[in-house]
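*Asks:* Sharing a structure with you now.
Numbering (my numbering), first residue to last: 8 to 286.
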C-alpha cells in the first residue's frame, strides 16, 4: 500500500456519466451522508485494502462502493474509489521482489492471475470505453507530486488551508481546461524536445483525461504532503507557475529560461522525496 505521504490526482464526474443504477446509488449515498472527505479518505482506503488482503487470499473481494463527492447548487460530481483495483494492485505489489516460492505462498498464482487481469483491464483505455470496465478516477503518487500533473492547472485555481487539523492544498479546474493545457504542453514538448520521457508522461495524462465526461472536474490534492511542509513553504509554492514558465521558454526557444525553471522545480520536489529516507 502507498504511504500516506502521498498526493492525488482525481476526476469527479457528473451523475450523467454513470448508468441509471449507478446514478441512483450515488444519490442515495450522498443523501445518507456517507460521502467521505478527502482528508479522511486515504486512511479509510488504506484500511479497507489491508483488511481485504488479510481475508485468506482466495479471491479478490467485492468491496463496497465509496467515493469523494463535490456538491454545488445545481450539480453533484462523484469520484469513485474503485477499491477492487487498489486491492489488485496491492496483491501484485506484494509479489514484487519476493522469491517465487514465498510469493506463491503469500499470493497464490490463481489470485495473482485475477489481480493481473483486473489491472490490465483498467490500464487499457480502449477496453474501458468499449467494455465498460470501471474507470480509475484517482491516481496516487507517494513522496511528491509528478511534474506532469502541474501542467493541468494554473496558480489561480489553488486553494490553501493552513488551519490545524484542516491543512490542505488543492487545485481544481474544469476538465476541458485541463485537456487544453495538456494539449498545448504536448505540442510544445514534441516540437522542442521530441519523444522524451516527459513528453510521454504528459501524453499519458492527456489520454487518461479523455476517458471522462466533458463536464468533469479535475483535482490535484497535495494530500499528506502538507504534513511535511511548513505553512510558509505551502504559501510560497509556485510549482504550476514554474511549469508554465518552462513550457513558455521552450516554446520561444529560450532553453536557459526553461532549464532554470525545470531545475528549480526538480530540486524542490527532490527535497520532499528525500524525506522518505529519513522516515
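For every residue, glycine included, the Cβ atom is placed at its ideal position computed from N, Cα and C.
Predicted model only: the values in this text are computed from it and were never measured.
(1) Quick one, which of 168, 115, 143, 117 has its alpha-carbon nearest residue 89's?
(2) Any chance you could list the alpha helix (DSSP H) runs of at least 4 consecutive residues sitting entirely within the stretch 177-235, in chain order?
(3) Starting from the Cα of residue 214, find the closest Cα among 186, 240, 226, 221 and give me that residue.
(4) Would you mind working out which of 171, 91, 56, 176 sits nearest residue 229, comparing C-alpha positions?
(5) For residue 14, does the three-state DSSP call read helix, strand or coil?
(6) Classify residue 227 as buried or exposed, calling it buried when 16 or more other Cβ atoms lie within 10 Å of its own Cβ.
(7) What is the DSSP secondary structure of residue 161, reduced to helix, strand or coil?
(8) Tell me whether the beta-carbon of residue 43 lies closer than 9 Å to the beta-carbon of residue 51.
(9) With three or more beta-carbon pairs closer than 8 Å as the criterion, would you say the stretch 27-45 touches the stretch 150-160?
(10) Just to confirm, is the Cβ distance from residue 219 to residue 18 under 9 Å?
(11) Please determine, among 190, 188, 96, 158, the residue with the shortest C-alpha to C-alpha distance to residue 147.
(12) Would you call the CB atoms of residue 22 and residue 85 closer than 9 Å?
(13) Starting from residue 243, trace the beta strand (DSSP E) both ways and give me its first and last residue.
(14) Just the Cα atoms here: how many angstroms apart are residue 165 and residue 107?
(15) Which residue's Cα is closest to the Cα of residue 254: 242, 243, 244, 268?
(16) Tell me whether residue 145 is buried or exposed, calling it buried when 16 or more other Cβ atoms sit within 10 Å of its Cβ.
(17) Output the distance between the C-alpha atoms of residue 94 and residue 76, rounded to the nearest integer angstrom.
(18) Using DSSP with H/G/I as helix, E/B as strand and the rest coil, what is residue 169?
(19) Looking at C-alpha atoms only, which residue of 74, 80, 200 is the closest neighbour of residue 262?
(20) Three-state secondary structure (DSSP) at residue 76?
(21) By a C-beta neighbour count over all protein chains shown, 10 Å radius and 16 as the cutoff for buried, is residue 233 buried or exposed?
(22) Closer than 8 Å by C-beta to residue 290: which residues in its own chain qualify, once you throw out the five before and the five after it? Chain order, please.
(23) Spell out the partners DSSP gives residue 175 in its beta bridges.
(24) Could you please give me the residues that DSSP links to residue 87 through a beta bridge?
(25) Following the continuous beta strand (DSSP E) through residue 148, name the residue where it begins and the one where it ends.
(26) Looking only at C-alpha atoms, which of 173, 169, 184, 168 sits nearest to residue 161?
*Replies:* To lay it out plainly:
(1) For this step, residue 89 is matched to residue 82 along the chain shown. Of all alpha-carbon atoms in 168, 115, 143, 117, the one lying nearest the alpha-carbon of residue 89 is that of 143.
(2) Correct list: 182-199, 204-216.
(3) Mapped onto the chain shown, residue 214 falls at position 207. Comparing Cα positions, the closest option is 186.
(4) Taking the first residue of the chain shown as 1, we reach residue 229 at position 222. Among 171, 91, 56, 176, the Cα nearest to that of residue 229 is on 176.
(5) Start at 1 with the first residue of the chain shown, and residue 14 comes out as number 7. In this structure, residue 14 counts as strand in the three-state DSSP scheme.
(6) Residue mapping note: residue 227 aligns to position 220 of the chain shown, counting from 1. Residue burial is scored here from C-beta neighbours: residue 227 has at least 16 other C-beta atoms within 10 angstroms and is therefore classed as buried.
(7) Here residue 161 corresponds to residue number 154 of the chain shown, with the count starting at 1. Three-state DSSP puts residue 161 in coil, outside helix and strand.
(8) Translated into positions along the chain shown, residue 43 becomes position 36. Translated into positions along the chain shown, residue 51 becomes position 44. Contact flag set, yes.
(9) Under the three-pair Cβ rule at 8 Å, the stretch 27-45 does not count as touching the stretch 150-160.
(10) Position 212 of the chain shown, counted from the first residue, corresponds to residue 219. Position 11 of the chain shown, counted from the first residue, corresponds to residue 18. Result yes, Cβ atoms of residue 219 and residue 18 sit closer than 9 Å.
(11) On the chain shown, residue 147 is found 140 positions in, with the first residue counted as 1. Cα-wise, what sits closest to residue 147 is 96.
(12) Indexing the chain shown from 1 puts residue 22 at position 15. Indexing the chain shown from 1 puts residue 85 at position 78. Yes; because the gap between Cβ atoms is below 9 Å, this pair is in contact.
(13) As a working note, residue 243 is residue 236 in the chain shown. Taken as a continuous stretch (DSSP letters only), residue 243 belongs to no beta strand (DSSP E), being part of the alpha helix (DSSP H) at 238-243.
(14) Mapped onto the chain shown, residue 165 falls at position 158. Mapped onto the chain shown, residue 107 falls at position 100. Distance from the CA atom of residue 165 to the CA atom of residue 107, rounded to whole angstroms, is 46 Å.
(15) Taking the first residue of the chain shown as 1, we reach residue 254 at position 247. With distances taken between CA atoms, residue 254 lies nearest to 268 out of 242, 243, 244, 268.
(16) Residue 145 sits at position 138 when you count from the first residue of the chain shown. By the 10 Å Cβ count, residue 145 comes out buried.
(17) Translated into positions along the chain shown, residue 94 becomes position 87. Translated into positions along the chain shown, residue 76 becomes position 69. Their Cα atoms are separated by approximately 22 Å.
(18) Residue numbering aside, residue 169 sits at position 162 when the chain shown is read from its first letter. DSSP, reduced to helix, strand and coil, places residue 169 outside both helices and strands of the structure shown, so it counts as coil.
(19) Locating residue 262 in the chain shown gives position 255, counting from the first residue. Taking only the C-alpha atoms, the option nearest residue 262 is 200.
(20) The residue given as residue 76 occupies position 69 in the chain shown. Correct three-state label for residue 76: strand.
(21) Position 226 of the chain shown, counted from the first residue, corresponds to residue 233. So residue 233 counts as buried.
(22) Because the chain spans 8 through 286 in this model, residue 290 falls outside it and cannot be assessed.
(23) Here the question's residue 175 lines up with position 168 in the chain shown. In DSSP, residue 175 forms a bridge with 168.
(24) On the chain shown, residue 87 is found 80 positions in, with the first residue counted as 1. DSSP lists 74 as partners of residue 87.
(25) Numbered from 1 along the chain shown, position 141 holds the residue referred to as residue 148. Residue 148 -> beta strand (DSSP E) spans 145-149.
(26) Indexing the chain shown from 1 puts residue 161 at position 154. Selected option, being the one with the closest Cα: 184.
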